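Take the sequence shown: its position 198, counted from the start at 1, is 908 in my numbering, and no numbers get skipped. Ideal placement from N, C-alpha and C gives every residue a C-beta, glycine not left out. This structure is a prediction, so every number in the text was calculated from the model and none was measured. Here the structure is laid out as C-alpha cells; the discussion comes afterwards.
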Amino acid sequence: MLLETHQIVKGYGREPALRGVSLAVAEGEIVCLLGPSGCGKSTLLRVIAGLEPDYIGTVRFAGQPIDRVPVHQRGFGLMFQDFALLPHRNVGENIAFGLRMQRHPRPEIERRVAEMLKLAGLPGYGQRTIFELSGGERQRVALARSLAPRPRLLMLDEPLGALDRTLRERLTDDLRRIIKGIGLTSIYVTHDQVEAFAVADRIMLMDRGQIVQSGTPLEVYRHPATVFAARFMGLNNLVPAHVSHSAGQARATLMETALGPLEVAHANGAHADAIVLIPPEAAELATPDSPNVVTGQLIRTTFRGSADRIVVRHASGIELELDVEAGAVTGTEQVRLALRPDRLVVLHPKQAEP
Ligand code: ADP
711 MLLETHQIVK GYGREPALRG VSLAVAEGEI VCLLGPSGCG KSTLLRVIAG
761 LEPDYIGTVR FAGQPIDRVP VHQRGFGLMF QDFALLPHRN VGENIAFGLR
811 MQRHPRPEIE RRVAEMLKLA GLPGYGQRTI FELSGGERQR VALARSLAPR
861 PRLLMLDEPL GALDRTLRER LTDDLRRIIK GIGLTSIYVT HDQVEAFAVA
911 DRIMLMDRGQ IVQSGTPLEV YRHPATVFAA RFMGLNNLVP AHVSHSAGQA
961 RATLMETALG PLEVAHANGA HADAIVLIPP EAAELATPDS PNVVTGQLIR
1011 TTFRGSADRI VVRHASGIEL ELDVEAGAVT GTEQVRLALR PDRLVVLHPK
1061 QAEP
C-alpha cells in the first residue's frame, strides 16, 4: 500500500472530528472519501497532507511514517474547491507556478507546461487569461497546476463543489480519465455520491469521524452495510422485517414484512429483526411466476429519461420509490410489481442512523 493511516484521532475541542481512522490506498488507486458535511473528510485529508499539527495516530507513505515531515517536503499535490488560480497570471504561468517554486530550469518548465495543457485538453491555451476561461476550463487548469510538479499523491477536496451539476458530471469523467491516464494515486473528497461513483476506484464512506464502509462504487451501492449507508446512497425504501420461520427448504431467505413475505436471495446472517432494503431498480412488472409481487396505488410518476421513477403506496401505508421502464405504468390504478430477490438487501436495524 502506498499510503496508510493508522488509528487517526483528531479533536477540535470536545467532539473528536476523527475517531480512529485507518485506511490504505494502493498505488494508482483513486479513493473517494464520501460522507455528509461535517463527518471529518477534510480533516482526514488535512492530516494526510500535513496541514494538521496535532493528531494521534500514524500516517505512512511508501512504508515510512511521515507524521513529522513538513507539508512542502511530502511532495503531495492539492486541489481545493476555491482553487485560487492567480487571476492576473495567464494559464501557462498558473500551471508553471509550482515548478517555479521548485526552481526548475525555464526550458523544462515550458516543456512541462505544454505537456500539462495537452493532458488537460487545453493545448494552445497557455497565453490566455484566467478571465477568458469557462468554469470547466478553469477547473482543468487547476488540475494541470496540481499535476505539473509530478506529485506522488494527489488530494482533491470537493474540487467541483462550486460548479453546477451538468458541468460537474462532465468534469468528473475528465478528472478520472486524466488522473488514471498518468496512474496517479489520489484521494478525492466529496459529499456527493453520484460524483464519487463516477470518479472512484474505491469509496470509503464516512460517518461522524469514522469509516463505516469501504468498497467499489458498485459494492457500496449494491450492498450498503448499514441503514445510514443506504440512505446516504439515496436508497430510502427500508422496510422493517423479520426472518420467517416458515422458510422451509427454500434457497432464498423468506422475510416477513408489512408488504407480505419477501424472498431475499442473499440474506447472509439475517437477524431475527431486520430491515429489507428495496433499491428502486429491484422492481419489474409482475408476471404470473414472479416472486415478491407487491401491489399498491400509483401516486406519482417522474420521467427520468431511461426510466420512470414511480411512487407506489401499499395497503399498509408504506410508500416505495421504484424504477420502471418509461411509460410502463400509467394512471392512478393499482399496480402489480415484482421485486427481484437478488436485488433485495437485508440490513441490521441496530446499525441505524443517529
Ligand atoms: P467534512 O469535510 O466532512 O465536511 P470536516 O473535516 O471539515 O468535515 O469537519 C469535521 C468536524 O470537525 C466538524 O464537526 C467541524 O465542525 C469540525 N472542525 C473542522 N475544522 C475545525 C476547526 N478548524 N476548528 C474547530 N472545529 C473544526
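Helix, strand or coil at residue i according to DSSP, with G and I counted as helix
| i | result |
| --- | --- |
| His782 | helix |
| Asn804 | helix |
| Pro1059 | helix |
| Thr997 | coil |
| Glu667 | Residue 667 cannot be examined here, being either before or after the span of the chain that is shown, 711 to 1064. |
| Ala725 | What sits at residue 725 in the sequence shown is Glu, not Ala. Glu725 falls in the coil class under three-state DSSP. |
| Thr882 | helix |
| Pro990 | helix |
| Arg1019 | strand |
| Asp867 | strand |
| Leu857 | helix |
| Gly891 | helix |
| Arg1046 | strand |
| Leu945 | coil |
| Leu877 | helix |
| Ser924 | strand |
Where the beta strand (DSSP E) through residue i begins and ends
| i | result |
| --- | --- |
| Tyr898 | 896-900 |
| Thr967 | 963-967 |
| Thr1040 | From DSSP, Thr1040 is part of no beta strand (DSSP E); its letter is neither H nor E. |
| Glu929 | Looking at the DSSP string, Glu929 is not in any beta strand (DSSP E); the run it does join, the alpha helix (DSSP H), is 927-932. |
| Met914 | 912-917 |
| Ala951 | 948-953 |
| Pro971 | 970-974 |
| Gly1006 | 1003-1013 |
| Leu1054 | Taken as a continuous stretch (DSSP letters only), Leu1054 belongs to no beta strand (DSSP E), as it is neither H nor E. |
Check: residue i C-beta below 7 Å from any heavy atom of the ligand ADP
| i | result |
| --- | --- |
| Ala906 | no |
| Thr900 | no |
| Tyr722 | yes |
| Thr753 | yes |
| Ala727 | yes |
| Gly745 | yes |
Residues of its chain near residue i, where Cβ-Cβ distance is below 6 Å and the 5 sequence neighbours each way are ignored
| i | result |
| --- | --- |
| Leu796 | Asn804 |
| Ile1009 | Val1021, Arg1023 |
| Ser1016 | none |
| Ala824 | none |
N- and C-terminal bounds of the alpha helix (DSSP H) containing residue i
| i | result |
| --- | --- |
| Val937 | 937-942 |
Contact set for residue i: own chain, Cβ-Cβ below 8 Å, skip 5 residues either direction
| i | result |
| --- | --- |
| Ser747 | His901 |
| Asp1033 | Pro990, Glu991, Ala993, Arg1014, Ala1017, Asp1018, Arg1019, Ile1020 |
| Leu881 | Gly846, Gln849, Arg850, Leu870, Leu873 |
| Ala759 | Val781, Arg784, Phe786, Leu788, Met865 |
| Leu832 | Val801, Glu847, Arg850, Val851, Ala854 |
| Asn947 | Leu987, Ile988, Pro989, Pro990, Leu1030, Glu1031, Leu1032 |
Check: residue i C-beta below 7 Å from any heavy atom of the ligand SAM
| i | result |
| --- | --- |
| Cys749 | In the structure on display, the ligand SAM does not appear, and the ligands it does have are the ligand ADP. |
Own chain residues within Cβ distance below 7 Å of residue i, not counting five before or after
| i | result |
| --- | --- |
| His933 | Val1055 |
| Gly750 | Ala727, Leu728, Met916, Gly919 |
| Arg912 | Glu739, Val741, Ser924, Gly925, Thr926 |
| Val812 | Looking at the sequence itself, residue 812 is Gln, so the reference to Val does not match. Pro859. |
inquiry  = Which complete alpha helix (DSSP H) runs does the segment 790-854 hold, if anything under 4 residues is left out?
reply    = 801-811, 816-829
request  = Within the segment 724-780, note down every full beta strand (DSSP E) run reaching 3 residues or more, in order along the chain.
outcome  = 726-735, 740-744, 766-771
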